[in-house]
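Counting in numbering that gives the first Met the number 0, the sequence shown runs from 0 upward without gaps.
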Amino acid sequence: MLMLMRGNVRLRVADPRLPIYTMTVQLQELLILCLTVAQGGCTFPSNHWGEWNDSQLLPTIQRLMKGYNRYLRPNFNEGPVEIGMSLDIASIDAISEINMDYTATIFLRQRWRDSRLVFPGNESVSVDGRLVSLLWIPDTFIPDSKRSFLHDVTVENRLIRIFSNGTVLYALRITATIACNMDLTKYPMDKQVCTLQLESWGYNIQDVVFYWTRGNDSVKGLDTLRLAQYSVESYYTSVSEAVYETGHYPKLVLHFSLRRNVLFFILETYVPSILLVVLSWVSFWISQSSVPARTCIGVTTVLTMTTLMMGARTSLPNANCFIKAIDVYLGICFTFIFGALLEYACAHFYSMQHQTIEDLQRELLREFCESNGNGSIPIVNPSQPSQPVEVGSPAEGPAEEPANSDIKDHATAKEKVPSQGCGLSSVKDASRRAASVFIVENPHNIDRHARTAFPTAFLFVNILYWLYYLFL
C-alpha cells in the first residue's frame, strides 16, 4: 500500500495483488484527484507569479466566472462590441475549376473587450480551449463555405487568452472549402479573383462591429504561399455590410488574385497540338500516288487531335456558356489538321480528273485521224478559210474553170472536208475552255502551294491568338 500526502489530501494506491478491475477504478480516482490538486495549484497564488505575494489571490476562472452570463454579449445595452480580426493563411490545398471552389486552412484570430473579465495586474491568462463554453464568443461564420471543420488533433485547436483589461483573444484553426466564382473565358491564361468572407450569424451591426486589426497587414501567409498551378498576384481587405431580410450584419472580406501558371499547359496541351499540326504537313511532301501513306497520316492526326481535345476538357466544367481560350486554340489546330486531309483529297481528285481528260482527248484525236482515211489533216488557208488549197493545180487566173465536171466534183468534196475539220477543232477548244474552270492544269501545284500557305496561315493565326489572350 502506497500513501501520498499533499496538503490535506491523502492519496492511497491499491496493492498490485488486488484484482485488475479494482486497480482500474482506483487509478481513475487517482487521476481525478491529481487533476484537482493541479488545478488548485494553478488557482492559488505561488511565488513564481513575481509581483504577487502569497497573501494576494490570483484571479481565477472560477472567480471571473462568478455571476458571468455567457449568453449576454459584452456591453449589453451600451453599444456594439468591436471585434478585431486577423488571418494567417496556412495553405490553399486545392483549387477546383469544376466545382468552382478552393480549400484553405486558416488561423482565425478574434479580439474583443469584455469588461466582466477585468482583473488586476498586467499579466494575461491562457486557459484551456475546452473552457470556451464558459465564455461569450462571437458567432462568426464563413458565408461562402461549402464544407468546413475545426481541427481536433491532438485536442481542439482553440486558443483563449484573457488580458487584465478584459481583452479576449480567441484563435481557431479551420479548414474550409469556399466557393469562388471563376471566369474561364481566358483559361489557361486567366486570372481569378477569389474572396474569403467573414460575417456574424445572429448579431447585427447594432450588436457587433467587425474590423481588421491592421488593415491589409492583418492577413499573413499569402506572400509566401506556393501553389501548383497558381501564383498569388495581389490581395487586399475590405469592410462592408451584409444585407439580409433580417437586417444588416457586419462583414469582412479578403480579396486575393490568383494568376494561373500557363507554362504547365503549354507543355501539356499547346506543344502537342502544334506538333500534330506540323505532322499533318508532312503529307505535302509525299507523292500523290502514295494514297495509303497520305491517308494514314491525315486520319491518324485527326483522331489524335480529337483525343487531345477530349482530354483537355476533363478538368473543366461542362458548361456551354464557357468558350475558353484553350478550346479556341484546339479548334484552330483541328481545323488545320482536317484541312491538310482535305487538301490531299482535292489534289488526288484533280489528279485523277486531269488524267481522265487527257485520255479522252487522246481518244478523240485517234478517232478523228482514223476518220480521214490516210491520217492526214486538211490544211486551211488562214486568209481564205472558205477556200481549200489544192496541191499540184496549174497557176491560172481565177476566171478559168475546170475542163470537165469530175474535177469540179473533186474540188467540191475538198471544200467540205476542211469545214468539218474546223468544226471538230472548235468543239475541242470550247470543251477545253469550259473544263478549265473546274480543272487544275497541274495538280501537283496544289501540294506545292500548300507547303507555303499552311505554315504561313498557322503562324499568322498564332500571332493573333497570343496577342489577344495575353495582352487584351
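The beta carbon of each residue, even a glycine, is placed where N, CA and C say it ideally should be.
Predicted model, so just to flag it, every value in this text is computed and none were measured.
Residue i (DSSP reduced to helix, strand or coil)
i      : result
Asp127 : coil
Val460 : helix
His150 : coil
Thr104 : strand
Glu144 : Correcting the residue type first, residue 144 is Ser in the shown sequence and not Glu. In the structure shown, Ser144 sits in a strand (DSSP, three-state: E or B).
Tyr169 : strand
Ser289 : coil
Ala13  : For Ala13, the pLDDT reaches just 42, beneath the cut-off of 50, and the residue's location in the model is therefore unreliable, although a value from the coordinates is still provided. Correct three-state label for Ala13: coil.
Ile177 : strand
Ser230 : strand
Leu224 : coil
Phe470 : helix
Trp135 : coil
Arg475 : A question about residue 475 goes unanswered here, because the residues of the chain that appear run from 0 up to 471.
Arg69  : coil
Pro377 : Any answer about Pro377 is weak, because its pLDDT of 49 lies below 50 and its placement is not dependable; what the coordinates show is given next. Looking at Pro377 - three-state DSSP - the assignment turns out to be coil, as it is neither helix nor strand.
Arg62  : helix
Thr184 : coil
Asn444 : helix
Tyr202 : coil
Thr299 : helix
Phe335 : helix
Ser350 : helix
Arg450 : helix
Span separating the alpha-carbon of residue i from that of residue j
i      : j      : result
Thr334 : Ser350 : 24 Å
Ile462 : Ile273 : 13 Å
Gly330 : Ala292 : 25 Å
Asn68  : Leu251 : 28 Å
Pro316 : Met99  : 9 Å
Tyr464 : Thr176 : 35 Å
Ala344 : Leu302 : 17 Å
Ser199 : Phe321 : 35 Å
Phe106 : Cys332 : 47 Å
Gln196 : Pro249 : 10 Å
Thr102 : Ile445 : 56 Å
His347 : Met309 : 31 Å
Gln228 : Phe264 : 9 Å
Ala452 : Phe283 : 11 Å
Tyr467 : Pro187 : 13 Å
Leu307 : Val277 : 15 Å
Tyr207 : Ile82  : The residue asked about is misnamed: residue 207 is Val in this sequence, not Tyr. Distance between the alpha carbons of Val207 and Ile82 is about 7 Å.
Asn74  : Arg110 : 15 Å
Val238 : Cys193 : 16 Å
Residues sharing a beta bridge with residue i, DSSP
i      : result
Cys345 : None; Cys345 has no bridge partner.
Pro249 : Glu240
Ile91  : Ala103
Phe162 : Ser123
Arg157 : Leu171
Val218 : Leu86
Val80  : Val207
His254 : Thr194, Tyr235
Opening and closing residue of the alpha helix (DSSP H) in which residue i lies
i      : result
Ser279 : 270 to 279
Phe321 : Per DSSP, Phe321 belongs to no alpha helix (DSSP H) and is neither H nor E.
Phe264 : 261 to 264
Given residue i as reference, the closest of the options once Cα atoms are compared
i      : options                        : result
Ile136 : Ser123, Val124, Arg108, Glu122 : Arg108
Thr174 : Phe255, Ser286, Ser144         : Ser144
Gly475 : Asn203, Leu149, Val270, Ser230 : Residue 475 lies beyond the range of the chain shown here (0 to 471); nothing can be said about it.
Leu224 : Ser85, Ala93, Asn441, Phe457   : Ala93
Pro142 : Ala241, Tyr70, Val154          : Ala241
Met64  : Gly201, Asp87, Leu134, Phe75   : Leu134
Trp280 : Glu155, Ile296, Thr153, Asn441 : Ile296
Tyr169 : Arg112, Val152, Arg213         : Arg112
Leu221 : Val238, Phe255, Val208, Gly214 : Phe255
Ala311 : Glu96, Tyr70, Glu77            : Glu96
Leu275 : Asn215, Ala339, Leu257         : Ala339
Val460 : Val327, Arg447, Phe470, His448 : Val327
Gly128 : Phe209, Leu149, Ser289, Val117 : Leu149
Ile88  : Lys219, Ala456, Ser288, Val270 : Lys219
Tyr155 : Arg146, Asn164, Arg72, Val131  : The residue asked about is misnamed: residue 155 is Glu in this sequence, not Tyr. It is Val131 whose Cα lies nearest to the Cα of Glu155.
Gln205 : Ile336, Pro454, Val80, Leu71   : Val80
Leu471 : Thr184, Ser163, Ile161         : Thr184
Leu262 : Gly66, Gly165, Asp189          : Asp189
Gly165 : Val124, Thr300, Asn180         : Val124
Arg450 : Thr300, Leu86, Glu342          : Glu342
Val126 : Phe162, Pro119, Ile91, Gln352  : Phe162
Range covered by the beta strand (DSSP E) that runs through residue i
i      : result
Leu195 : 190 to 199
Ile285 : Run containing Ile285: none; DSSP gives neither H nor E here.
Tyr210 : 207 to 211
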